[in-house]
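Engineer:
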Amino acid sequence: SQLRAAKVGAPIAGESLTPYGHVIGHNNFYEFGLGKEDPKAKAQGLNTDPWKVEISGEVAKPGTYTLEDLLKPHALEERVYRLRCVEAWSMVIPWIGFSLADLIKRFEPTGNAKYVEFTTLHDPSQMPGQRSFFSTLDWPYVEGLRMDEAMHPLTILAVGVYGDALPPQNGAPLRLVVPWKYGFKSIKSIVRIRFTEQMPEVTWNQTAPREYGFYANVNPEVDHPRWSQATERRLPSSLFSPNIIDTRKFNGYADQVAHLYSGMDLRKWF
Amino acid sequence: MVLSIAEIHRSKGGRRAFWWLLFLLPLLPLVWIVHKAVSQDLGADPAQTIVTFLGLWTLRYLLITLSVTPCRRLFGWLWMQRYRRMYGLYTLFYASLHLLAFATFILGWRPELIARELSERPYIIVGFIAWSGLVALGITSTRGWVKRLGRHWQQLHYLVYPISILAMIHFAWLIRAGYGQVMFYALILLVLLGYRVGYRVKRRQRVLQQH
Chain A
65 SQLRAAKVGA PIAGESLTPY GHVIGHNNFY EFGLGKEDPK AKAQGLNTDP
115 WKVEISGEVA KPGTYTLEDL LKPHALEERV YRLRCVEAWS MVIPWIGFSL
165 ADLIKRFEPT GNAKYVEFTT LHDPSQMPGQ RSFFSTLDWP YVEGLRMDEA
215 MHPLTILAVG VYGDALPPQN GAPLRLVVPW KYGFKSIKSI VRIRFTEQMP
265 EVTWNQTAPR EYGFYANVNP EVDHPRWSQA TERRLPSSLF SPNIIDTRKF
315 NGYADQVAHL YSGMDLRKWF
Chain B
1 MVLSIAEIHR SKGGRRAFWW LLFLLPLLPL VWIVHKAVSQ DLGADPAQTI
51 VTFLGLWTLR YLLITLSVTP CRRLFGWLWM QRYRRMYGLY TLFYASLHLL
101 AFATFILGWR PELIARELSE RPYIIVGFIA WSGLVALGIT STRGWVKRLG
151 RHWQQLHYLV YPISILAMIH FAWLIRAGYG QVMFYALILL VLLGYRVGYR
201 VKRRQRVLQQ H
């Protein structure tokens, strides 16, 4: 319904879409296992209806809202974005969603709201990865943005992909998409959006602070301590042409977002 | 079993047949992954899948090679000794394919990337050192080299212990989250190396008692 009415998005010139099968079959969603194929195999039972999202913290209108109430006022549109994983592979994906800024304005953040914190569903009965004894991540998964990043027109909340509702492995029913940051910032299956004055404690940064910063902007000049971020494999890569391309600063969105970080040392604030 | 493996080895034909069996068996993973690659059935990221797969099989063959001596001593499986070199060479073979696949499919043989990976990435450096060690062991695995090196041959081939530890570090440093798989293999290695330490300690005690 709302999905079908979504305005079609502009393609990225010279970059073709990653085929649907790969977009929904090659995922990092550690709540469902560590392998790239685990989320597709193990997430299909995820119950996304009914779904509630808690809005809390520094806002004038906190509360718990059903997904329907959350989506109702927003016109959906398609956005074709690059997705650059911190593991140095990338895709081009046609998301369907709406501007996060529009949603944030509805709840009227107070002057103290400097950051937005997002939380993924925590339900070990549905998410086998949350039961794993060997996992080094603390659940629930938490991510966050600075307020100006959250309000940026490129930042969206997605509910669909390729013209359809999000499959569970892609973060159904509601996920964040921040195209100039490494993929792990684009948190999936959101159940809470909290406005804070302090920088949120986000999962990967808490797990390995030397390896994953709060900002996690795509940056070929700042390597992951264990591998280079200078290049990426655009998927699907084929063996005889591995499709290795140079990674671009802010994932190719520097014109739109570089000003957010003017004066910041991006080596320090990686 | 009707016929034990030791009995099979009593006849020349049996020995030959068993040799071929154990020679061809370790090629199955390679056949399988090539088949998957040719039929484009490796998912969105075949490069990563192949490199990881070959690395894992390298580790498995290394552990198999290292289990020959404990199995021989503990269970009296003398026949295993005949295949130790073969499985050592298969370890080198899969390690070389693993490295080759990494250079080809992940780095695309781009000189600046290769230079950086080999100078800056600890896990790549550690893996590369382990591979270099395996090459040295592989080259000196022939009868000619065994004779030429004499008692130094054994000393040189003790290098397999540090190599196995480096290989495990190489593996562990790659992990982003979830250490279950690494723990599993590390535990096996620990048992295999621990057995040798224990064996040596016991032998020394025996020697001391005799004096």
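From first to last, the protein sequence lines stand for chains A and B. Read left to right, the first sequence gives residues 65 to 334 (the UniProt record's numbering). Read left to right, the second sequence gives residues 1 to 211 (the UniProt record's numbering). Yeah, the Cβ is synthetic: ideal placement off N, Cα and C, and Gly gets one too. A quick note: this is a predicted structure, and the numbers were derived from the prediction, not measured.
State the Cα-Cα distance for the pair glutamate 169/A and leucine 218/A, rounded to the nearest angstrom.
Structural biologist: For the purposes of this step, residue 169/A is taken as residue 105 along the first sequence, with counting starting at 1. For the purposes of this step, residue 218/A is taken as residue 154 along the first sequence, with counting starting at 1. Glutamate is not the amino acid found at residue 169/A; the sequence shown has lysine there. One C-alpha to the other measures close to 16 Å.
Engineer: Around the Cβ of serine 4/B, are there at least 16 other Cβ atoms within 10 angstroms (buried) or fewer (exposed)?
Structural biologist: For the purposes of this step, residue 4/B is identified with residue 4 of the second sequence, where counting begins at 1. Answer is exposed; the Cβ neighbour count stays below 16.
Engineer: Straight-line CA distance for proline 103/A to glycine 89/A?
Structural biologist: Here residue 103/A is taken as the residue at index 39 of the first sequence, counted from 1. Here residue 89/A is taken as the residue at index 25 of the first sequence, counted from 1. Spanning the two alpha carbons is a distance of roughly 8 Å.
Engineer: Would you tell me roughly how many angstroms separate the C-alpha atoms of glycine 316/A and aspartate 310/A, rounded to the nearest one?
Structural biologist: As a position in the first sequence, residue 316/A is number 252, starting the count at 1. As a position in the first sequence, residue 310/A is number 246, starting the count at 1. Those two C-alpha atoms are separated by around 10 Å.
Engineer: Arginine 239/A and glutamate 181/A look like a contact to me (Cβ under 8 Å); what is the Cβ gap, rounded to whole Å?
Structural biologist: For this step, residue 239/A is matched to residue 175 along the first sequence. For this step, residue 181/A is matched to residue 117 along the first sequence. The Cβ separation is near 15 Å, so there is no contact.
Engineer: Answer yes or no: does any C-beta atom of chain E fall closer than 9 Å to that of lysine 100/A?
Structural biologist: Protein chains in the displayed structure are A and B, and chain E is not among them.
Engineer: For the beta strand (DSSP E) holding aspartate 310/A, just list the boundary residues, first then last.
Structural biologist: If you number the first sequence from 1, residue 310/A lands on position 246. Aspartate 310/A -> beta strand (DSSP E) spans 308-310.
Engineer: Scan the region 44-73 of chain B for residues whose Cβ lies nearer than 9 Å to a Cβ of chain A and list them as they occur along the chain.
Structural biologist: Ala44, Asp45, Pro46, Ala47, Gln48, Thr49 and Ile50
Engineer: Write down every uninterrupted run of the alpha helix (DSSP H) in the region 1-26 of chain B whose length is 4 residues or greater and which is fully enclosed by it, in chain order.
Structural biologist: Scanning the region 1-26 of chain B for uninterrupted alpha helix (DSSP H) segments of 4 residues or longer gives 5-8 and 12-24, listed from N- to C-terminal end.
Engineer: Which residue's Cα is closest to the Cα of leucine 57/B: Tyr94/B, Gly76/B, Ala37/B and Asp45/B?
Structural biologist: Against the second sequence, residue 57/B aligns to sequence position 57. Here the sequence assigns tryptophan to residue 57/B, which means leucine is not the residue at that position. Per the Cα distances, Tyr94/B.
Engineer: Using a Cβ cut-off of 7 Å, pull out every chain B residue sitting near serine 199/A, in sequence order please.
Structural biologist: Numbered from its first residue, the first sequence carries residue 199/A at position 135. For serine 199/A, the residues of chain B that pass the 7 Å Cβ criterion are Ala177 and Gly178, in the order they occur in the chain.
Engineer: At least one CB of chain A closer than 9 Å to the CB of tryptophan 79/B: is that the case?
Structural biologist: Along the second sequence, one-based indexing puts residue 79/B at 79. Cβ-Cβ to chain A under 9 Å: no for tryptophan 79/B.
Engineer: I'd like to know if phenylalanine 105/B contacts chain A, where contact means its C-beta is closer than 9 Å to some C-beta of that chain.
Structural biologist: Position 105 of the second sequence, counting from 1, holds the residue named residue 105/B. By this cut-off, phenylalanine 105/B is an interface position.
Engineer: Which runs of the beta strand (DSSP E) fall wholly inside the UniProt domain "Oxidoreductase molybdopterin-binding" (111-268) of chain A and span at least 3 residues, in chain order?
Structural biologist: 116-121, 127-130, 141-148, 153-163, 179-184, 206-210, 220-225, 239-241 and 254-260
Engineer: State the DSSP-derived secondary structure class of serine 292/A, mapped to helix, strand or coil.
Structural biologist: Working through the first sequence from its first residue, we reach residue 292/A at position 228. Here serine 292/A sits in coil by DSSP.
Engineer: Indicate the three-state DSSP secondary structure (helix, strand or coil) for serine 164/B in the structure shown.
Structural biologist: By one-based count along the second sequence, residue 164/B stands at place 164. Of the three classes helix, strand and coil, the one that applies to serine 164/B here is helix, per DSSP.
Engineer: When we look at the beta-carbon of glycine 78/A and count the other beta-carbons within 10 Å, is it buried (16 or more) or exposed?
Structural biologist: In the first sequence, the residue the question calls residue 78/A occupies position 14. Counting Cβ neighbours within 10 Å, glycine 78/A comes out exposed, since fewer than 16 surround it.
Engineer: Would threonine 271/A pass as an interface residue toward chain B - the criterion being a Cβ-Cβ separation below 9 Å?
Structural biologist: In the first sequence, the residue the question calls residue 271/A occupies position 207. Yes, threonine 271/A counts as interfacial toward chain B.
Engineer: Tell me, please, whether the CB atom of alanine 167/B is closer than 9 Å to any CB atom in chain A?
Structural biologist: Counted from its first residue, the second sequence places residue 167/B at position 167. No, alanine 167/B does not count as interfacial toward chain A.
Engineer: Just tell me which of Ser301/A, Ile308/A and Phe334/A has its CA closest to the CA of glycine 43/B.
Structural biologist: Working through the second sequence from its first residue, we reach residue 43/B at position 43. That would be Ser301/A, whose Cα lies nearest to the Cα of glycine 43/B.
Engineer: Would you kindly work out how many angstroms separate the C-alpha atoms of threonine 112/A and glycine 97/A, rounded to a whole number?
Structural biologist: Here residue 112/A refers to the residue found at position 48 of the first sequence. Here residue 97/A refers to the residue found at position 33 of the first sequence. Rounded to the nearest angstrom, the gap between the Cα atoms of threonine 112/A and glycine 97/A is 19 Å.
Engineer: Given that a residue counts as buried once 16 or more other Cβ atoms are within 10 Å of its Cβ, and exposed if not, what is arginine 148/B?
Structural biologist: In the second sequence, counting from the first residue as 1, residue 148/B sits at position 148. That one is exposed.
Engineer: Suppose the cutoff is 7 Å on Cβ atoms and the five residues either side in sequence are ignored; what does the same chain contact list for alanine 74/A look like?
Structural biologist: Numbered from its first residue, the first sequence carries residue 74/A at position 10. The residues are Val144.
Engineer: Applying the 10 Å Cβ sphere with the 16-neighbour rule, what's the burial state of threonine 130/A?
Structural biologist: Locating residue 130/A in the first sequence gives position 66, where the first residue counts as 1. Classification of threonine 130/A: exposed, given that the 10 Å Cβ count is below 16.
Engineer: Under a CB-based cut-off of 9 Å, is threonine 193/B close to chain A?
Structural biologist: Taking the second sequence and counting its residues from 1, the one referred to as residue 193/B is at position 193. Before going further, note that residue 193/B is leucine rather than threonine in the sequence given. False, the Cβ-Cβ gap to chain A never drops below 9 Å.
Engineer: Between the alpha carbons of glycine 13/B and serine 292/A, how many angstroms are there, rounded?
Structural biologist: The residue you call residue 13/B lines up with position 13 of the second sequence. The residue you call residue 292/A lines up with position 228 of the first sequence. Distance between the alpha carbons of glycine 13/B and serine 292/A is about 53 Å.
Engineer: Could you tell me which residues DSSP puts in a beta bridge with asparagine 281/A?
Structural biologist: For the purposes of this step, residue 281/A is taken as residue 217 along the first sequence, with counting starting at 1. Paired residue(s): Lys245/A.
Engineer: Check whether the region 279-296 of chain A touches the region 116-130 of chain B, taking contact to mean three or more Cβ pairs, one atom from each stretch, closer than 8 Å.
Structural biologist: yes
Engineer: Checking contacts by CB at 9 Å: is glutamate 7/B closer than that to chain A?
Structural biologist: Position 7 of the second sequence, counted from the first residue, corresponds to residue 7/B. By this cut-off, glutamate 7/B is not an interface position.
Engineer: With alanine 214/A and tryptophan 159/A assumed to form a contact (beta carbons below 8 Å), what rounded beta-carbon distance in angstroms separates them?
Structural biologist: On the first sequence, position 150 is the one that residue 214/A refers to. On the first sequence, position 95 is the one that residue 159/A refers to. Not a contact, Cβ separation roughly 17 Å.
Engineer: Going along chain B, which residues have a C-beta under 8 Å from glycine 327/A?
Structural biologist: Numbered from its first residue, the first sequence carries residue 327/A at position 263. Ordered by position in chain B, no residue passes the 8 Å Cβ test against glycine 327/A, which lies about 28 Å from the chain.
Engineer: Quick one: does the C-beta of glutamate 151/A sit closer than 8 Å to a heavy atom of the ligand NAD?
Structural biologist: Annotation note on the ligand NAD: not contained in the displayed structure, which lists no ligands.
Engineer: What are the boundary residues of the alpha helix (DSSP H) that threonine 52/B is part of?
Structural biologist: Position 52 of the second sequence, counted from the start, is the residue given in the question as residue 52/B. Looking at the DSSP string, the run of the alpha helix (DSSP H) that includes threonine 52/B is 46-75.
Engineer: Would you call the CB atoms of asparagine 283/A and leucine 330/A closer than 9 Å?
Structural biologist: On the first sequence, position 219 is the one that residue 283/A refers to. On the first sequence, position 266 is the one that residue 330/A refers to. Taking 9 Å as the Cβ cut-off, asparagine 283/A and leucine 330/A qualify as a contacting pair.
Engineer: Per DSSP, what kind of secondary structure is arginine 297/A in: helix, strand or coil?
Structural biologist: For the purposes of this step, residue 297/A is taken as residue 233 along the first sequence, with counting starting at 1. The answer is strand: DSSP assigns arginine 297/A an E or B state.
Engineer: What is the DSSP secondary structure of serine 132/B, counted as helix, strand or coil?
Structural biologist: Position 132 of the second sequence holds residue 132/B. Serine 132/B: helix per DSSP, three-state reduction.
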